[in-house]
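K.L.:
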Amino acid sequence: MFENLSQKLDKALKMLKGQGSITEINVAATIKEIRRALLDADVNFKVAKEITDEIKEQAIGSKILIAVSPREMFIKIVYDKLTELMGGQKQDINIKGDPAVVMIAGLNGAGKTTFSGKLANFLKSQGRQVLLAACDVYRPAAMEQLKVLGGQIGVEVYTEMESKDAVQIAQNAIQYAKANNKKIVIVDTAGRLAIDEVLMKEIAALKKALNPTETLFVVDAMTGQDAVNTALAFNERIDYDGVVLTKLDGDARGGAALSIRKTVNKPIKFISTGEKMEAIDHFYPDRMAQRILGMGDVLSLVERAQRAFDEEEAKRIEAKIRKNQLDFNDFLSQIQQIKRMGNLKDLVSMIPGMGKALKEIDIDDDSFKPIEAMIFSMTKQERAKPEIINSSRKQRIAKGSGTTVQQVNNLLKQFEQMRQLMKKMNQINPAQLQKMKAK
Ligand code: GDP
């Protein structure tokens, strides 16, 4: 996502390279490029003009600091502006209440049902008791979909398949939550293909009846300018608390994130970047600005890793590494944990500098498949003691996993190198290591 904008800004900023000072003349071309890049990124025209005017004013007015180049200074100004434009601080949802009620609204296909599941999964991973309520009474398939998602993530789903009364279902769900010690009810509502009066009346009535602690409006970021218009229309009727931007994995432009906050004046609270239940993140304006400027998003990456990784398992593996006893069973468990973190390409794009580099490379979750297949083809003893794998065993493993002996050799070699590296690390005196960390 944002690759286009990030690349164009980079090009525009390169024009400043080597300039001794920022003046009206040498900044004009860069500003023009930035404005064009923003428009290309589907940012609302008024918003693009406003920010580039402000950036220009600020840049020209600023004294050049001796320590930084004009280009660096300009990047900082653009970064600050983008961060501010997208809301400044990360904003949490309100889940205080007994139970708290989170209502999810938006057009059909925006990703409401998927997001409801993701949010439930996200809150469950924080140890909260969650109930999903299926209130999309027009699409029985959506209720089924929610049930399936609930089953996948281990969250109970309240349904009344025969009922067409969304208000009644939601109220019953809340009663059910109270009786069953669920602290948060996520209400998935019905959408329409486009905004229409009947939908708006219904959703407004639902909000009035439920008086939710948090109302979230879900919108498909790929719909560009339409996203802004839909966001405005829903806000007029239900005055929601926050926006969820979905499908940012498929959107190379990302203009919606930049325009919605400024136009609707409601914070973006979550982003969704894929179909997997783990592909959900808080929206951090500063990190998003860093990402736009190609600085990566390491913090989000770390957070997602913390959610996906099992702490007990990590401790167990760490202990084995320390004793130099790592085997293929541990290796397999690590791969499975990485896979739980979500889409690989998406993850790698969060590492600074990798977004651009990755454009040409095809990396997907299937990359792990041959490795997993090879490990699955090993016997218990082979996994625990890879050194017993001789050439006939290699042939058997290759055959069993549909790979070649060469691939098996590579895997064994890499595994051995990893072990050697760990052995060396283990030889470092722990006190020395602490000192290195502190630096
Ligand atoms: P609803 O009609 O608003 O409930 O939308 P759904 O939750 O049924 O989602 C519509 C389609 O979009 C489904 O095929 C989802 O798998 C897909 N989808 C939802 N969120 C994302 C996302 O963040 N990225 C991608 N690529 N697909 C998504």
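The numbering of the sequence shown is the UniProt record's numbering, which starts it at 1 and goes up by one. Backbone N, C-alpha and C define an ideal beta-carbon position, used for all residues, glycine too. Bear in mind the structure is a predicted one, so any value in this text is a computation, not a measurement.
1) Please confirm whether Leu149 and Ala134 have their CB atoms less than 7 Å apart.
2) Do Ser259 and the ligand GDP come close, with the Cβ less than 6 Å from some heavy atom?
3) By DSSP, does Met103 sit in helix, in strand, or in coil?
4) To the nearest angstrom, report how far apart Leu210 and Glu57 are at their CA atoms.
5) How is the beta strand (DSSP E) around Leu132 delimited, first residue to last?
6) By the three-class DSSP mapping on this structure, what secondary structure does Ile66 have?
7) Checking 7 Å against the spacing of the C-beta atoms, do Leu119 and Val155 come in under that value?
8) Just list the alpha helix (DSSP H) runs in the segment 364 to 413, keeping only unbroken ones of 4 residues or longer that don't cross its boundaries, in chain order.
9) What's the gap between the Cα of Ala373 and the Cα of Ser401?
10) Does the Cβ of Lys112 lie closer than 6 Å to at least one heavy atom of the ligand GDP?
11) Can you say whether Asp53 is buried or exposed, counting buried as having 16 or more other CB atoms within 10 angstroms of its CB?
12) Closer than 7 Å by C-beta to Thr83: which residues in its own chain qualify, once you throw out the five before and the five after it? Chain order, please.
13) Who are Val185's beta bridge partners in DSSP?
14) When every heavy atom of the ligand NAD is checked, does at least one fall within less than 6 Å of the C-beta of Gly274?
15) Considering Cα atoms alone, identify which of Asp165, Gly151 and Leu258 is closest to Tyr138.
16) Candidates Ala279, Lys380 and Met277: which alpha carbon is nearest Asp327's?
17) Going by the beta-carbon positions, is the gap between Ser116 and Asp188 smaller than 7 Å?
18) Would you kindly check if the distance between the Cβ of Val244 and the Cβ of Gln218 is under 7 Å?
19) Going by DSSP in three states, Tyr158 sits in which element: helix, strand or coil?
20) So which of Glu275, Lys201, Val130 and Ala205 has the shortest CA-CA distance to Asn181?
21) Are the beta-carbon atoms of Lys262 and Leu85 separated by less than 7 Å?
22) Using only the alpha-carbon positions, how far apart do Phe45 and Gly109 sit?
23) In three-state DSSP terms, what is Arg259?
24) With distances taken between CB atoms, is the gap from Thr215 to Val101 smaller than 7 Å?
P.N.:
Taking the definition as stated:
1) For the purposes of this step, residue 149 is taken as the residue at position 149 of the sequence shown. For the purposes of this step, residue 134 is taken as the residue at position 134 of the sequence shown. It is not a contact, given that the beta carbons lie outside the stated cut-off.
2) In the sequence shown, the residue the question calls residue 259 occupies position 259. Ser259: no, Cβ never under 6 Å from the ligand GDP.
3) Locating residue 103 in the sequence shown gives position 103, where the first residue counts as 1. Shown here, Met103 sits in a strand according to DSSP, grouped into three states.
4) Position 210 of the sequence shown, counted from the start, is the residue given in the question as residue 210. Position 57 of the sequence shown, counted from the start, is the residue given in the question as residue 57. Rounded to the nearest angstrom, the two C-alpha atoms are 47 Å apart.
5) Indexing the sequence shown from 1 puts residue 132 at position 132. DSSP places Leu132 in the uninterrupted beta strand (DSSP E) bounded by Val130 to Cys135.
6) Here the question's residue 66 lines up with position 66 in the sequence shown. Reliability of the predicted coordinates at Ile66 is poor, the pLDDT of 46 falling under 50, and the value obtained from them is presented with this limitation in mind. Ile66: coil per DSSP, three-state reduction.
7) Position 119 of the sequence shown holds residue 119. Position 155 of the sequence shown holds residue 155. No, these two residues do not count as a Cβ contact at 7 Å.
8) Qualifying alpha helix (DSSP H) stretches, in chain order: 369 to 376, 380 to 384 and 391 to 401.
9) For this step, residue 373 is matched to residue 373 along the sequence shown. For this step, residue 401 is matched to residue 401 along the sequence shown. Their Cα atoms are separated by approximately 5 Å.
10) Position 112 of the sequence shown holds residue 112. Under cutoff, so the answer is yes.
11) Position 53 of the sequence shown, counted from the start, is the residue given in the question as residue 53. The C-beta of Asp53 has fewer than 16 other C-beta atoms within 10 Å across all chains shown, which makes the residue exposed.
12) Locating residue 83 in the sequence shown gives position 83, counting from the first residue. Non-local beta-carbon contacts of Thr83 in its own chain, meaning distances under 7 Å to residues more than five positions away in sequence, involve Pro285, Asp286 and Ala289 in chain order.
13) As a working note, residue 185 is residue 185 in the sequence shown. Val185 is bridged to Val101 and Leu131.
14) Summarising the ligand content, the structure contains the ligand GDP and does not contain the ligand NAD.
15) Here the question's residue 138 lines up with position 138 in the sequence shown. Closest in alpha carbon position to Tyr138, among Asp165, Gly151 and Leu258, is Asp165.
16) To locate residue 327, count along the sequence shown from 1; it is residue 327. The closest CA to that of Asp327, considering only Ala279, Lys380 and Met277, is found on Lys380.
17) By one-based count along the sequence shown, residue 116 stands at place 116. By one-based count along the sequence shown, residue 188 stands at place 188. Yes; because the gap between Cβ atoms is below 7 Å, this pair is in contact.
18) Numbered from 1 along the sequence shown, position 218 holds the residue referred to as residue 218. Numbered from 1 along the sequence shown, position 244 holds the residue referred to as residue 244. In the sequence as displayed, the identity of residue 218 is Val instead of Gln. Going by C-beta atoms, Val218 is nearer than 7 Å to Val244.
19) Walking along the sequence shown from the start, residue 158 turns up at place 158. DSSP places Tyr158 in strand when its eight states are reduced to three.
20) Taking the sequence shown and counting its residues from 1, one reaches residue 181 at position 181. For Asn181, the nearest C-alpha among the options comes from Val130.
21) For the purposes of this step, residue 262 is taken as the residue at position 262 of the sequence shown. For the purposes of this step, residue 85 is taken as the residue at position 85 of the sequence shown. Judged by beta-carbon spacing, Leu85 lies within the 7 Å limit of Lys262, meaning their Cβ atoms are closer than that value.
22) If you number the sequence shown from 1, residue 45 lands on position 45. If you number the sequence shown from 1, residue 109 lands on position 109. Cα to Cα, Phe45 sits roughly 26 Å from Gly109.
23) As a position in the sequence shown, residue 259 is number 259, starting the count at 1. Per the sequence shown, residue 259 should be read as Ser rather than Arg. Reduced to three states, the DSSP call for Ser259 is helix.
24) Taking the first residue of the sequence shown as position 1, residue 215 is located at position 215. Taking the first residue of the sequence shown as position 1, residue 101 is located at position 101. The answer is no: Cβ separation not under 7 Å.
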